[in-house]
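Line by line, the protein sequences are chains Y and A. Position 361 of the first sequence, counting from 1, maps to 361 under my numbering, and the rest follow consecutively. Position 226 of the second sequence, counting from 1, maps to 226 under my numbering, and the rest follow consecutively. Glycine residues also receive a C-beta, built at the ideal position from the N, C-alpha and C atoms. As the structure is a computational prediction, the values presented were derived from the model and not from experiment. See structure below.
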Amino acid sequence: MKLSSFFYLIFSFQLAAFNGFSQKTVTLAEENNSLKSIIAQIEEQTSYNFILNNDAINVDENFSINVIEKDIAETVALLFKDSKIAYKIKKNYIVLSRAKKKSDDFTVSGIVSDSNTGETLLGASIIIKNSNKGAITNEYGFYSITLPKGNYLFEVSHLGYTTKDITVQLERNMSIKIALKPVSSELDEVVVRASQNIKSQVNPILGGTSSLNTSEIKKLPSLLGEPDITRSILTQPGISSIGEGTSGFNTRGGNVDQNLILLDEAPLYNSSHLFGLFSIFNADAVKVVNLYKGGIPAHFGGRASSVLEIRQKNGNSKRIKGEGGLGLIFSKFTIEGPIKKDKISFLASGRRSYFDMFFPLFGDINFKKFHFYDLNTKLTWDINENNKLYASGFFGADVIQFREDDDEDDPSITADLGWTNTTATLRWNHIFSSKLFANFTGIYSKYDFALGIEENLDEENNEGTLDRSIENWIFKPDFTYYPNPTTKMRFGLSGNLYQFIPKFSGELVSQGLDKEKALELAAYYSIEKQWDKFSIHTGLRYSWFGNFGEENIAIYNPDFPQTPSTIIGFENYKNNEVSKSYHGLEPRLSVKYNLNDRKAFKAGYNRMFQYIHLISNQTVVLPNDLWKPSGVYIPPVEVNQFSVGYAFDTKNNDYNFSVEGYYKTFDDIVEYINGSRSGVLGALGAIDNIETELVPAKGFSYGLELAAHKNRGRLTGNANYTYSVSKRKTKSNFAAEQINNGAYFPSNFDRPHIFNVTANYKLSKKWEVGTFFTYQTGRPITQPNGRLRFNGDSFLTYSDRNAFRIPNTHRADISFTYTPTGNPKTNWKSSWSFGLYNVYGNKNAFSVNSIFNDNVLRTAQLSLIGAPIPFISYNFKF
Amino acid sequence: MKKTYNYIALIFLSILTSCLDDIEPEFEFEEQVFISGLMTNEEDFVSVQIQKTVPVNDTTFNAVNDAQVSLFTRDASNTVSLVSDSFNVANGAYTTSEMITPTIGNAYWIEVMLQDQTILKSEEEVLRQPIPILDMVKNDNKVRITFTGPIDEQNFYLIRVEVLKDGELISDNIDVFNDRIMNENPEKFLDIGNIKNDETVRVSINNINFSTFQFYLNVFGGENDLDFASLFLPINIVGNVTNITTNELALGNFGVAGMSTMTMDFE
Numbered sequence: 001m002k003l004s005s006f007f008y009l010i011f012s013f014q015l016a017a018f019n020g021f022s023q024k025t026v027t028l029a030e031e032n033n034s035l036k037s038i039i040a041q042i043e044e045q046t047s048y049n050f051i052l053n054n055d056a057i058n059v060d061e062n063f064s065i066n067v068i069e070k071d072i073a074e075t076v077a078l079l080f081k082d083s084k085i086a087y088k089i090k091k092n093y094i095v096l097s098r099a100k101k102k103s104d105d106f107t108v109s110g111i112v113s114d115s116n117t118g119e120t121l122l123g124a125s126i127i128i129k130n131s132n133k134g135a136i137t138n139e140y141g142f143y144s145i146t147l148p149k150g151n152y153l154f155e156v157s158h159l160g161y162t163t164k165d166i167t168v169q170l171e172r173n174m175s176i177k178i179a180l181k182p183v184s185s186e187l188d189e190v191v192v193r194a195s196q197n198i199k200s201q202v203n204p205i206l207g208g209t210s211s212l213n214t215s216e217i218k219k220l221p222s223l224l225g226e227p228d229i230t231r232s233i234l235t236q237p238g239i240s241s242i243g244e245g246t247s248g249f250n251t252r253g254g255n256v257d258q259n260l261i262l263l264d265e266a267p268l269y270n271s272s273h274l275f276g277l278f279s280i281f282n283a284d285a286v287k288v289v290n291l292y293k294g295g296i297p298a299h300f301g302g303r304a305s306s307v308l309e310i311r312q313k314n315g316n317s318k319r320i321k322g323e324g325g326l327g328l329i330f331s332k333f334t335i336e337g338p339i340k341k342d343k344i345s346f347l348a349s350g351r352r353s354y355f356d357m358f359f360p361l362f363g364d365i366n367f368k369k370f371h372f373y374d375l376n377t378k379l380t381w382d383i384n385e386n387n388k389l390y391a392s393g394f395f396g397a398d399v400i401q402f403r404e405d406d407d408e409d410d411p412s413i414t415a416d417l418g419w420t421n422t423t424a425t426l427r428w429n430h431i432f433s434s435k436l437f438a439n440f441t442g443i444y445s446k447y448d449f450a451l452g453i454e455e456n457l458d459e460e461n462n463e464g465t466l467d468r469s470i471e472n473w474i475f476k477p478d479f480t481y482y483p484n485p486t487t488k489m490r491f492g493l494s495g496n497l498y499q500f501i502p503k504f505s506g507e508l509v510s511q512g513l514d515k516e517k518a519l520e521l522a523a524y525y526s527i528e529k530q531w532d533k534f535s536i537h538t539g540l541r542y543s544w545f546g547n548f549g550e551e552n553i554a555i556y557n558p559d560f561p562q563t564p565s566t567i568i569g570f571e572n573y574k575n576n577e578v579s580k581s582y583h584g585l586e587p588r589l590s591v592k593y594n595l596n597d598r599k600a601f602k603a604g605y606n607r608m609f610q611y612i613h614l615i616s617n618q619t620v621v622l623p624n625d626l627w628k629p630s631g632v633y634i635p636p637v638e639v640n641q642f643s644v645g646y647a648f649d650t651k652n653n654d655y656n657f658s659v660e661g662y663y664k665t666f667d668d669i670v671e672y673i674n675g676s677r678s679g680v681l682g683a684l685g686a687i688d689n690i691e692t693e694l695v696p697a698k699g700f701s702y703g704l705e706l707a708a709h710k711n712r713g714r715l716t717g718n719a720n721y722t723y724s725v726s727k728r729k730t731k732s733n734f735a736a737e738q739i740n741n742g743a744y745f746p747s748n749f750d751r752p753h754i755f756n757v758t759a760n761y762k763l764s765k766k767w768e769v770g771t772f773f774t775y776q777t778g779r780p781i782t783q784p785n786g787r788l789r790f791n792g793d794s795f796l797t798y799s800d801r802n803a804f805r806i807p808n809t810h811r812a813d814i815s816f817t818y819t820p821t822g823n824p825k826t827n828w829k830s831s832w833s834f835g836l837y838n839v840y841g842n843k844n845a846f847s848v849n850s851i852f853n854d855n856v857l858r859t860a861q862l863s864l865i866g867a868p869i870p871f872i873s874y875n876f877k878f
Numbered sequence: 001m002k003k004t005y006n007y008i009a010l011i012f013l014s015i016l017t018s019c020l021d022d023i024e025p026e027f028e029f030e031e032q033v034f035i036s037g038l039m040t041n042e043e044d045f046v047s048v049q050i051q052k053t054v055p056v057n058d059t060t061f062n063a064v065n066d067a068q069v070s071l072f073t074r075d076a077s078n079t080v081s082l083v084s085d086s087f088n089v090a091n092g093a094y095t096t097s098e099m100i101t102p103t104i105g106n107a108y109w110i111e112v113m114l115q116d117q118t119i120l121k122s123e124e125e126v127l128r129q130p131i132p133i134l135d136m137v138k139n140d141n142k143v144r145i146t147f148t149g150p151i152d153e154q155n156f157y158l159i160r161v162e163v164l165k166d167g168e169l170i171s172d173n174i175d176v177f178n179d180r181i182m183n184e185n186p187e188k189f190l191d192i193g194n195i196k197n198d199e200t201v202r203v204s205i206n207n208i209n210f211s212t213f214q215f216y217l218n219v220f221g222g223e224n225d226l227d228f229a230s231l232f233l234p235i236n237i238v239g240n241v242t243n244i245t246t247n248e249l250a251l252g253n254f255g256v257a258g259m260s261t262m263t264m265d266f267e
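The following block contains the structure:
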């Protein structure tokens, strides 16, 4: 606002006093003349003066009036009738102001859904034609736009759907349900032209976000033919992993445990089957996948680097629909439909692997059981216009039995190993008013790892079982308020009760860990505001974390490193007594400046706290890894991230380009002392005072991400390149604990150059080919730099941690999809997919290791998936 | 316990179509000094070994014979005294010229001055009481060794088990344990399997300090399987030796231990 607007300009034309008394009547015959001119005439003819704020009142606006000898009050009323100007007559002054809109503003709100399935569409845009105002539907398909009374044309669009124009006569608050029609998959050319995959980064205010739908994920060539959400995340810029076939991913230099993975808002602690070969997310049950790695809204918290938000489908509310697939190693089936049409719908989707059935073909194999299964379920109840209820759940399990017969040195051993993820989410959407949307969520999430071991000795059997689980009980009231079309506010609370429960029995495992309990509370507020060219999304989250007893915490001599021998006492905390608490403010800021509707600059800043930690010093994430809450000796991780970016779209969104740079700082991350036992024994819970194995560290990462998407034509796809650096540095007060003597060293997953290309080519109406290629710098390793002899044996000495790298890696995958013409009389549609993972069988090094075997040195390169893996699968829909 | 954990790792590796290819890379060499030694409470000569590391593919032993070694002690009254700086040197092994009679409860450490004036110093470690070995009982092929350990503190043990037949050593195993892994009772057991009749078992239990325990963990913790080695960070065999010139941790360890032994013939 200009400074001048603070001044009221007073038109003080000298009154002409003809008869010594005030004149009250006016004669005017003005047609489309400026207000300034009309005011001047009234002031000439009467003793009245106008007072107005020329920032609020446009004196150049044209008005028409035709009056003869009319009273001044009537004249003014007539003049400003149907205008946006209000007036007050006080003595000889007429004060003009902008008319309050309240009485004339109305709100149109509702849900945008798929016309065929009734599935709500999140991220659909409702644009008021010929203006830059509009709204985007939220996670539940809800939108709200407040506008002055009038007639409007809304353009409603969503990727993969036909754009719809809706005429709205806004005279009162209205609720409009909008159903969009999907672009028919049979009309190939339309699909090609309409493009379902526009990846413009110009519109989102938040930088560093990606959204993937299942059709994109299914087009990617995949391992053994199963669409994999985690692998699709790995194709995004800024995402890396320690190696192919491993669990989890690293976001912009953050550790694997710094990704908050949510399935229908329920947190997951292990998102893979079979140690990372497959993701636990069944793409047939998933509606959309959102990855936040840059701008992270304030309603998310608890992890330091990213949020992977996965939302399940609600289930078809129009008709029963099924889909499935038969593959060589596992099959899947999904069924969804209405229980009561347009009112209650359900979805059930399951997968089961059976490749262990083929093990006998390979002769004597140690695995007796080796499979996984999972089940996604959801029930949606559209109670009424203002209330909707969602109940969803997930259960996934891995079942492995390993048996090794006895030999000269060791008895026979049977190991039963398994892990399960269980989630249940209950959500209630309530529309308090057309401007206030609320969602109340209750969540239960449990990750359970179980290991049973039996050693079969001649005389007796030794047994042991270990069961470790993490439970979350979460309650989140969340509100979104839409005061006007350019402003959105979101606020709410979050409470998360953690329970870490170890159970042990038998002689083969020892109990070192106690049950732990922690509570994380948070309150947040965020506001999103858009002006003509400038937009802002800012918020603040306040989080508090408390670790509760019953606990027996060691006290260490502060003059020495924390080791079992420097314990000078213990402090006991009673049940539910807070042993340690932390709290902090987490500001979030994203701004965007649009140069025009195809170019935008972005900048952002985030601070995130993470109160739970994955404790494991091995290079890969394994299902038995230990999660630990922050406490007396393990403070929360703090990450601050700064980012800037530029997004550019070509005409008609044929191509989207983006470039984004970031700088992140990490504080109080967990590192492991040389020879730490946390991986070996800590994972089995056999270490007391696990802090003695850890050393606090800090770090930084920075990078530049370039991405290009081609959205139209027979050939679609994207290419991205990431340059990044990720380093760590221990910050112990004691030289003996420092890694690399306290100097910075590359993190285990630091890969400076990553280049990915994904391409899909529609060969014909029936044939489509998909390819993926990746090239990555080899990850850092610690390599031998000498040898010595001790007690008659040879030993290697090692370089500074991660001072060298394994060779660079590259891989190409290809898939072909054949979709025969379906029978138009039935709804049955099918397709065949086949292809190769790692087409040219490149033996990408996962590690290079050296050992002594009878004092003879042997060095070998390990490749995890070092051969082409073919696949074929049959998929169907009805 | 570690074996159990390895099964989880083995399962992980087995499910991948992993392959190992032998390679012969040229590793960069960095020369370092390694010091080792373990002094017990028994009256004996104290020995310290000093060597320099050699390139990875070099099979020679690079003894350091020109260092100056000093053994110090600190008694209960906090008085520091030189125990000996007179060592005989042979192929990197420095042995005191006289027998040393250590005192339980005293702290001991060594200082080593290299030819280039670099000084390496071991951590001051308290000489602990020997752990009484109560009994060795054979039941079928299993021998159970019973010993006691204080329960008011966490104890660390370096245990050596030698099996002899007709006076000839047929197996020699050394490992480290602590109370948590064994049990928390004052009376502790160690079971040794596969002991046949007419064999002799000789067991030595060293009551060691944590730093020495960590050093031996580092020694034994290195993977001898290439598959497993890929899952863990390699371990440098550092212990309680610090380069006080640079204030950096150096390779090696000089530990002190209260030692007890028992030998039993099984007919």
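**OP:** For phenylalanine 249 of chain Y, go through chain A and note every residue whose CB falls closer than 8 Å to its CB, in chain order.
**Re:** Correct list: empty, because the minimum Cβ distance to chain A is about 17 Å.
Subject >> Own chain, CB closer than 6 Å to glutamine 115 of chain A, minus 5 neighbours either side, in chain order >> reply: Asp66
**OP:** State the start and end residues of the unbroken beta strand (DSSP E) segment that holds glutamine 23 of chain Y.
**Re:** Segment: none, glutamine 23 of chain Y is in no beta strand (DSSP E) and carries neither H nor E.
**OP:** Please report the residue range of the alpha helix (DSSP H) in which glutamate 336 of chain Y lies.
**Re:** Unbroken run through glutamate 336 of chain Y is the beta strand (DSSP E), 330 to 340; no alpha helix (DSSP H).
Original post:
Looking at serine 260 of chain A and the ligand ATP, is the gap between the Cβ and the nearest heavy atom below 8 Å?
Top reply: Here there are no bound small molecules, and the ligand ATP is not part of this structure.
Subject >> Beta-carbon proximity check, lysine 219 of chain Y vs glycine 713 of chain Y, cutoff 9 Å >> reply: no
Original post:
Between which two residues does the beta strand (DSSP E) containing lysine 268 of chain A stretch?
Top reply: Residue 268 of chain A lies beyond the range of chain A shown here (1 to 267); nothing can be said about it.
Subject >> Span separating the alpha-carbon of arginine 74 of chain A from that of aspartate 58 of chain A >> reply: 40 Å
Original post:
What's the call for glutamate 171 of chain Y, buried or exposed, on a 16-neighbour Cβ count within 10 Å?
Top reply: exposed
Original post:
Would you say serine 202 of chain A and methionine 113 of chain A are within 9 Å of each other, going by their C-beta atoms?
Top reply: For the record, residue 202 of chain A in the displayed sequence is arginine; it is not serine. For arginine 202 of chain A and methionine 113 of chain A, no; Cβs fall outside 9 Å.
**OP:** With a 10 Å radius around its C-beta and 16 neighbouring C-beta atoms as the bar for buried, classify methionine 259 of chain A as buried or exposed.
**Re:** buried
Original post:
If we ignore side chains and look at the alpha-carbon of each, how far apart do arginine 403 of chain Y and leucine 622 of chain Y end up?
Top reply: 20 Å
**OP:** Run down chain Y in chain order and give the residues with a C-beta less than 9 Å from the C-beta of glutamate 24 of chain A.
**Re:** Thr859
Subject >> Residue of A:Asn236, A:Phe266, A:Met262, A:Asn247 minimising C-alpha distance to glycine 786 of chain Y >> reply: A:Asn236
**OP:** Under 8 Å between beta-carbons, which chain Y residues line up against glutamine 154 of chain A? List them in chain order, please.
**Re:** Pro564, Ser565, Ile567, Asp688
Original post:
With a CB to CB cut of under 6 Å and the five nearest residues on each side skipped, what residues in its chain are close to glutamate 768 of chain Y?
Top reply: Lys762, Thr817
Subject >> Assumed close pair glutamine 236 of chain Y, alanine 304 of chain Y - CB separation to whole angstroms, cut-off 8 Å >> reply: Not confirmed; about 18 Å, so no contact.
**OP:** Please confirm whether isoleucine 781 of chain Y and serine 701 of chain Y have their CB atoms less than 9 Å apart.
**Re:** no
**OP:** Report the residues of the region 230 to 245 of chain A with a CB closer than 9 Å to any CB of chain Y, ordered along the chain.
**Re:** Ser230, Leu231, Phe232, Leu233, Pro234, Ile235, Asn236, Ile237, Val238, Asn240, Thr242
Original post:
So with Cβ pairs under 9 Å, would you call proline 186 of chain A a contact of chain Y?
Top reply: no
Subject >> Interface partners of serine 36 of chain A on chain Y, CB under 7 Å >> reply: Phe790
**OP:** Count the other C-beta atoms from every protein chain shown that fall within 10 angstroms of the C-beta of arginine 319 of chain Y, then say buried if there are 16 or more, exposed otherwise.
**Re:** exposed
Subject >> DSSP bridge partner residues for asparagine 496 of chain Y (one or two, in chain order) >> reply: Y:Ile474, Y:Glu520
Original post:
What residues in its chain sit with their C-beta under 6 Å from that of alanine 135 of chain Y, if we drop five residues either side in the sequence?
Top reply: Ile126, Tyr143, Ile145
**OP:** Use the C-beta contact count for serine 863 of chain Y: other C-beta atoms within 10 angstroms, 16 or more gives buried, fewer gives exposed.
**Re:** buried
Original post:
Is leucine 153 of chain Y helix, strand or coil by DSSP?
Top reply: strand
Original post:
When you compare each of Y:Ala124, Y:Ile615, Y:Asn138, Y:Gly325 to lysine 883 of chain Y by their alpha carbons, which one comes out closest?
Top reply: Here chain Y has residues from 1 to 878 only, and residue 883 of chain Y is not among them.
**OP:** Determine the direct distance from the alpha carbon of tyrosine 605 of chain Y to that of leucine 249 of chain A, and round the result to whole angstroms.
**Re:** 39 Å
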